[in-house]
Amino acid sequence: MRKIILLITCMFSISVFSQIKVLKNESLVEIGKDNSVGLYKKEDKFTINYQDLNTSNLNTIRSFSFQNLNGDVTGLYKLIMDGFISAPSENILLELPNDIIELHYERNYGQQTVQFIQIINKNRKYIGKSQFLTQKQVEKIFGRNNGKYALYDQPANHTPAKSASNTASTATPASGSKGKKSRK
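For what it's worth, the numbering used here labels the leading residue of the sequence shown as 115, then goes sequentially.
In structure tokens form, the structure reads like this:
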């Protein structure tokens, strides 16, 4: 009897801990992307992803995120664009909750460019650098070319994605020849 009770409790505990939990699917909206730098929106959080050129591994993708509390995305865009008009003499420092971002301006091939330098976790030991971006690339990343900059101030949508039914496995052949076998 003890063995049966022990077996039942073991089976019950295994079934309780091995349940599959369905997570909420949060949509990620791409505002703009150019080469290896992109701006994305997830709910009210904006993320800039970039390929880190400061590492020997070219597949390293880094990101930094911030909330759009007081029009911060538009403010960042204007700050970057002002640097193209009159280049600052020093890097512009931006403090985020987890990181410090430097906007580094430099002339490359006769045109003004900007580079994101990320001090990861506010520790100067870990630094990530994006590629140099021209003014047109920054406009593309911030969605100025495709009109997606209108998504900056839109509230997050919590509508679940519609699941498309797969009818390929349940569809019947379109030919009206019932009972005929196909040749192979």
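Heads up, the beta-carbon is just placed ideally off N, CA and C, and yes, glycines get one too.
Residue i, DSSP secondary structure in three states
i    : result
Y98  : Absent from the structure is residue 98, since the part of the chain shown begins at 115 and ends at 298.
S235 : Ser is not the amino acid found at residue 235; the sequence shown has Asn there. N235: helix per DSSP, three-state reduction.
D186 : helix
N157 : A quick correction: the sequence has Glu, not Asn, at residue 157. Correct three-state label for E157: coil.
F198 : helix
Q249 : helix
R258 : coil
T227 : strand
L142 : coil
L210 : coil
Y191 : helix
L120 : helix
Nearest candidate by alpha-carbon position, reference residue i, set the options
i    : options                : result
T248 : K262, G224, G261, K239 : G224
Q232 : K156, N163, K117, I119 : N163
N184 : V252, F160, N212       : F160
A264 : N212, F230, N182       : N182
G152 : I255, I199, N237       : I255
K156 : K192, L207, F180, N260 : F180
Q226 : I194, L190, E216       : I194
D158 : K117, N222, V187       : V187
N235 : N212, K117, D148       : N212
F246 : R221, R258, N259, R238 : R221
S141 : Y154, N149, S150       : Y154
R258 : D148, I118, K117       : D148
Same chain, Cβ closer than 7 Å to residue i, five either side skipped, listed in chain order
i    : result
K262 : I145, G146
I122 : none
A201 : Y219, Q226
S150 : Y164, Q165, Q245
Close-in-space but distant-in-sequence residues of the same chain around residue i (CB under 6 Å, 5 per side omitted)
i    : result
T174 : D166
Whether residue i touches residue j by CB criterion (9 Å)
i    : j    : result
Q229 : Y219 : yes
K243 : N168 : yes
G197 : L217 : yes
I215 : F178 : yes
V252 : Y191 : yes
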